[in-house]
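According to the numbering used here, the residues represented by the sequence shown are 34 to 178, in order.
Glycine residues also receive a C-beta, built at the ideal position from the N, C-alpha and C atoms.
Here the structure is a predicted model, which is why all the values come from computation and not from measurement.
For reference, the structure discussed in these notes is given below.
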Amino acid sequence: MKYSTKLSDTIHILIFIALGDDEQLSSTKIAESIKTNPAYVRQLMATLKNAGIVVNTQGHANAALAKSADKINMYDIYRAVEGDKPLLHLDTDTNPDCGIGINIQFAIGDFYHEIQNMVDDKMKSITLQDIIDRYYFKIREVKNL
Numbered sequence: 034m035k036y037s038t039k040l041s042d043t044i045h046i047l048i049f050i051a052l053g054d055d056e057q058l059s060s061t062k063i064a065e066s067i068k069t070n071p072a073y074v075r076q077l078m079a080t081l082k083n084a085g086i087v088v089n090t091q092g093h094a095n096a097a098l099a100k101s102a103d104k105i106n107m108y109d110i111y112r113a114v115e116g117d118k119p120l121l122h123l124d125t126d127t128n129p130d131c132g133i134g135i136n137i138q139f140a141i142g143d144f145y146h147e148i149q150n151m152v153d154d155k156m157k158s159i160t161l162q163d164i165i166d167r168y169y170f171k172i173r174e175v176k177n178l
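Here's what the structure looks like:
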């Protein structure tokens, strides 16, 4: 099974933008860091722009954050790139003739809904600035090893 890396890739892109220090950031350069292709980066950037998370700077291909990093949260980023997709998915292809196969999905679904709500609340509490701060903390941690 292939898991989506859109959220982590998108956060990677946003960190690049936030820490870019006005350097020319091309989709090719960002794609090299993520180990993907520039078209995928451009697709994620377009999604971020449509969601109002990034803007293009006047007269340049470079993007900038639409608001400060402490005003952008992980939930907004997740919803921008994943839409309404939940984190946990039910197996909807169970045997319809089996009582357990049918009803267990409803039972699990209740718990998945609870978990999703907790995750959404947690993601709303984590800002891009929190991630940047943790990034710098990890760099210091590695240097002190």
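Determine the contact status of Ile164 and Met78, defining contact as a CB-CB distance below 9 Å.
no
Neighbourhood of Ala102 by C-beta distance below 7 Å, restricted to the same chain and skipping five residues each side
The residues are Ala51, Thr160, Leu161, Gln162 and Ile165.
DSSP on Asn136, reduced to helix/strand/coil?
helix
Along the alpha helix (DSSP H) that carries Asn83, what are the first and last residues, could you check?
Pro71 to Asn83
When Cys131, Val114, Ser66 and Gly132 are compared against Thr80, the one with the closest alpha-carbon:
Of the listed residues, the one whose Cα sits closest to Thr80 is Val114.
Would you tell me roughly how many angstroms separate the C-alpha atoms of Ile172 and Leu178, rounded to the nearest one?
10 Å
First and last residue of the beta strand (DSSP E) that includes Ala97?
Ala96 to Leu98
Closest Cα partner of Phe139 within the set Gln149, Leu123, Asn128 and Ile148:
Leu123
Under the rule that 16 or more other beta-carbon atoms within 10 Å means buried, what is Leu58, buried or exposed?
buried
By the DSSP assignment, the beta strand (DSSP E) with Asn89 in it spans what residues?
For Asn89, the enclosing beta strand (DSSP E) starts and ends at Val87 to Asn89.
DSSP three-state label for Asn106, please.
strand
Could you tell me how far apart the beta carbons of Ile86 and Asp109 are, in whole angstroms, since I believe they sit closer than 8 Å?
With 8 Å as the limit, Ile86 and Asp109 qualify as a contact, their Cβ atoms being about 7 Å apart.
Starting from Thr160, follow its DSSP beta bridges and name the residues at the other end.
According to DSSP, Thr160 bridges with Asn106.
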